[in-house]
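Quick notes on the structure that follows.
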Amino acid sequence: MSKLLDRFRYFKQKGETFANGHGQVYNNNRDWEDSYRQRWQFDKIVRSTHGVNCTGSCSWKIYVKNGLVTWETQQTDYPRTRPDLPNHEPRGCPRGASYPVSLQRQPPEVPAGA
0 MSKLLDRFRY
10 FKQKGETFAN
20 GHGQVYNNNR
30 DWEDSYRQRW
40 QFDKIVRSTH
50 GVNCTGSCSW
60 KIYVKNGLVT
70 WETQQTDYPR
80 TRPDLPNHEP
90 RGCPRGASYP
100 VSLQRQPPEV
110 PAGA
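Structural data, given as structure tokens:
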């Protein structure tokens with residue numbers, strides 16, 4: 000049975016071990032990490048709100064790369080209302096958080112003759 004398991008790469012022992020054999024040091028290619036890091040890079044941060052029929056006008060930090068919204072976080076610098084009340088931070092609703100997805104969709108096609 001061990002000869003069968005030795006054929007699978009998952010079960011092969013590679014590299015040196017540490018912690019009494021509970022961990023291993025691998026020398027694998029980690030180029031995939033560059034694409035992960037590039038996903039979170041941005042050119043500038045813009046302060047904005049979402050115009051989706053919302054009366055709250057919650058403030059968001061919009062991270063922009065090449066003119067496109069890459070990701071966003073809720074702004075947390077609202078003034079304190081009263082000392083005896085808890086902070087209202089962060090503000091932001093699910094509708095506003097999903098707004099950037101609608102920005103990057105293709106516009107609907109207009110039928111001919113409309």
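All letters in the sequence shown, in the order written, are residues 0 to 113 by numbering that gives the first Met the number 0.
Quick reminder that beta carbons are idealized off the backbone N, C-alpha and C, glycines included.
Could you please give me the residues that DSSP links to residue i through a beta bridge?
i	result
threonine 16	Gln23
leucine 67	Lys64
tryptophan 59	Ser47 and Gln73
Mapping DSSP to helix, strand and coil, what is residue i?
i	result
leucine 84	coil
glutamine 73	strand
histidine 46	For clarity, residue 46 is arginine in the given sequence; the question names histidine instead. Of the three classes helix, strand and coil, the one that applies to arginine 46 here is strand, per DSSP.
leucine 31	Just to set this straight, residue 31 is tryptophan in the shown sequence, not leucine. Reduced to three states, the DSSP call for tryptophan 31 is helix.
proline 78	coil
arginine 90	coil
glutamine 37	helix
From residue i to residue j, what does the alpha carbon distance come to, in whole angstroms?
i	j	result
tryptophan 59	threonine 48	6 Å
threonine 75	arginine 90	8 Å
serine 56	threonine 80	17 Å
glycine 20	tyrosine 35	30 Å
Output yes or no for whether 8 Å exceeds the beta carbon distance between residue i and residue j.
i	j	result
glutamate 15	valine 24	yes
valine 63	aspartate 83	no
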